[in-house]
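First up is the structure itself, then whatever we jot down about it.
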Amino acid sequence: MFWLAVETVAFSQSLEVTGTCPGPMEVAINGLTPYATFVVLTGVHGRTSTVPLGNCAGTPLDVGLPQPRIISMAGGDGVAHFSPSVPGAFCGKDVQILDLGSCTTTLPVTLTTRSYVGTLDGVSLDSTFDTGAQTALPAQGWTNTSGAAQVFGSAVNGSLIGATPYTNYGVQFDTGVAVQPNTTYHLHMDLGFAAGIAGGSAEYLAQLGTLSGGVFTQLGQETGSGVYVANLSNNVFSGVAHVTVTTGAAVSGDPLAVRFDQTSTMMLSDYFGIDNVTLTAAP
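The sequence shown begins at 17 in this note's numbering and counts up by one.
This is the structure:
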C-alpha cells in the first residue's frame with residue numbers, strides 16, 4: 017500500500033486528484049457514507065468490470081481489472097484526503113472509489129501527468145494567502161471585479177475574504193499563462209468562513225476563463241453554497257469548488273484567468289472566502 021490516508025472535511029460526492037504523476041498528488045473524496053468503509057481502486061482506463069464479491073457484488077465499475085489500494089473508513093463528515101507519492105507504474109491508470117456503505121462509486125479519475133499553471137500551485141502566496149498580513153486587494157496578483165476583498169493573511173493559514181462583513185464581492189487572478197489546445201484544466205478552491213458566528217451560509221460562483229484586453233471570457237464555472245463549519249484559519253473548510261475544462265484544437269491563446277464571486281449570504285456568519293487555490297493542466 018503506497019497511500020497514507022488522513023481525514024478532513026468536505027461536502028458533496030466527488031473524487032478530485034491534483035498534482036503530478038509520477039510524484040506527489042492530492043486526492044480528495046467527498047460525500048462518502050459517514051462512518052462506512054470505502055475502497056480505493058485502481059484499474060485499466062476505458063474498460064469496465066463489476067465488484068466480484070462481498071455485500072456490493074455485482075456493482076458496476078468504470079475501471080478494468082480493478083485492484084484495491086486502500087480499505088478505510090470515512091469519518092462522520094463522509095470525507096477523506098490522501099497525500100500519495102504515486103509511482104510511475106500507476107500513471108495512466110484510473111482511480112475509482114467504491115463506497116461499501118451505499119454500494120455506489122465515484123466517477124473515475126485518470127492519473128495523468130499534470131502541471132500547475134503559473135503560481136496557482138498550492139505553495140505560492142498567490143495560492144495559499146499565508147502572508148501574515150491583512151491587505152486590501154489588489155494583492156498577490158488578485159484584483160477586485162466587484163465590491164472589495166482582502167487577503168486575510170496568517171503565517172499559519174491565510175485566506176481571501178470580503179473586505180466588509182456580509183457584502184458580496186468578486187475577485188480575479190490573471191495567471192499570465194496562455195490557454196493551450198487539447199488540454200484539461202482543473203481549478204480547485206477550498207471554501208470557508210473567517211467568522212465568529214456559527215450557523216450561516218453563503219453562495220458562490222467559481223469560474224475559469226481567459227482575458228483579452230481586460231475582457232473575461234468564461235470557459236467553465238461552478239455555482240454552489242458553503243455552510244459555516246469553523247474558521248478557515250483553523251484549516252477547516254465548508255466545501256470545495258472545482259471547475260474542469262477540456263479545450264479543443266482551436267483556442268484563443270489568451271492568458272488563463274480565475275474568478276471567484278460571493279453571490280449571496282444569509283447575513284449570519286460574516287466573512288466568506290477561499291483558500292488553497294490551484295490550477296493544473298494535463299495533456
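Cβ coordinates follow ideal geometry from the N, Cα and C atoms, glycine included.
Checklist entry - Does the pairing of the region 260-271 with the region 242-250 give three or more beta-carbon distances under 8 Å? => result no
Item to check | Residue interval of the alpha helix (DSSP H) (run including residue 221) | outcome: No alpha helix (DSSP H) contains residue 221, which is instead part of the beta strand (DSSP E) from 217-228.
Checklist entry - Given 8 Å as the limit, is there contact between the region 101-110 and the region 161-175, that is, 3 or more CB pairs closer than that? => result Output reads no: the region 161-175 does not touch the region 101-110.
Next on the checklist: Give me the DSSP bridge partner(s) of residue 384.
Outcome noted: The shown model of the chain, from 17 to 299, leaves out residue 384, and the question about it has no answer.
Checklist entry - Who are the Cβ neighbours of residue 223 in its own chain at under 6 Å, not counting the five residues just before and after it? => result 234, 237, 275
Checklist entry - When we look at the beta-carbon of residue 175 and count the other beta-carbons within 10 Å, is it buried (16 or more) or exposed? => result buried
Next on the checklist: Quick check on residue 283: buried or exposed, where buried means 16 or more other Cβ atoms within 10 Å of its Cβ?
Outcome noted: exposed
Checklist entry - From residue 81 to residue 221, what distance separates their C-alpha atoms? => result Rounded to whole angstroms, residue 81 to residue 221 spans 38 Å at the Cα level.
Next on the checklist: Suppose you measure from the CA of residue 42 to the CA of residue 31; what does that come to, to the nearest Å?
Outcome noted: 10 Å
Next on the checklist: Suppose only complete runs of 4+ residues qualify. What are the alpha helix (DSSP H) ranges in the region 141-228, listed by chain order?
Outcome noted: 141-144
Item to check | At least 3 beta-carbon pairs within less than 8 Å: the region 182-191 vs the region 250-262 | outcome: no
Checklist entry - Of all the alpha helix (DSSP H) runs that stay within the bounds of the region 242-269, which reach a length of 4 or more residues? => result none
Checklist entry - Which residue's Cα is closest to the Cα of residue 241: 94, 207, 100? => result It is 207 whose Cα lies nearest to the Cα of residue 241.
Item to check | Under the three-state DSSP convention, the category residue 23 falls into | outcome: In this prediction, residue 23 has a pLDDT of 30, which is less than 50 and means its spatial position is unreliable; what the coordinates show is noted afterwards. Residue 23: coil per DSSP, three-state reduction.
Checklist entry - residue 121 and residue 77 look like a contact to me (Cβ under 8 Å); what is the Cβ gap, rounded to whole Å? => result Contact flag correct, Cβ pair sits at about 6 Å.
Checklist entry - Between residue 149 and the rest of its own chain, which residues show a CB-CB distance below 8 Å, the 5 nearest in sequence each way excluded? => result 167, 169
Item to check | Separation of residue 48 from residue 90, as counted between CA atoms | outcome: 7 Å
Checklist entry - Shortest alpha-carbon distance to residue 211 belongs to which of 226, 180, 202, 231? => result 180
Checklist entry - Between 254, 280, 298, 272, which lies nearest to residue 290 when the distance is taken from Cα to Cα? => result 254
Checklist entry - How would you label residue 51, buried or exposed, when you count the other beta carbons within 10 angstroms and need 16 or more for buried? => result exposed
Checklist entry - Three-state secondary structure (DSSP) at residue 71? => result coil
Checklist entry - Roughly how many angstroms lie between the CA atoms of residue 29 and residue 156, to the nearest whole one? => result Here the alpha carbon of residue 29 sits roughly 32 Å from the alpha carbon of residue 156.
Item to check | Member of 58, 143, 53, 64 whose CA lies at the smallest distance from the CA of residue 71 | outcome: 53
Checklist entry - To the nearest angstrom, how far is it from the Cα of residue 229 to the Cα of residue 243? => result So the two alpha carbons sit approximately 36 Å from each other.
Item to check | Extent of the continuous beta strand (DSSP E) to which residue 132 belongs | outcome: Here the beta strand (DSSP E) through residue 132 covers 131-137.
Checklist entry - In chain order, what residues of the same chain lie with their CB nearer than 6 Å to the CB of residue 219, ignoring the 5 residues before and after it? => result 241, 279, 280.
Checklist entry - Candidates 151, 87, 130, 114: which alpha carbon is nearest residue 124's? => result 114
Item to check | With 16 other Cβ atoms within 10 Å as the buried cut-off, status of residue 100 | outcome: buried
Checklist entry - Does the distance from the C-beta atom of residue 142 to that of residue 213 stay below 8 Å? => result Taking 8 Å as the cut-off, the beta carbon of residue 142 is found no closer than this to the beta carbon of residue 213.
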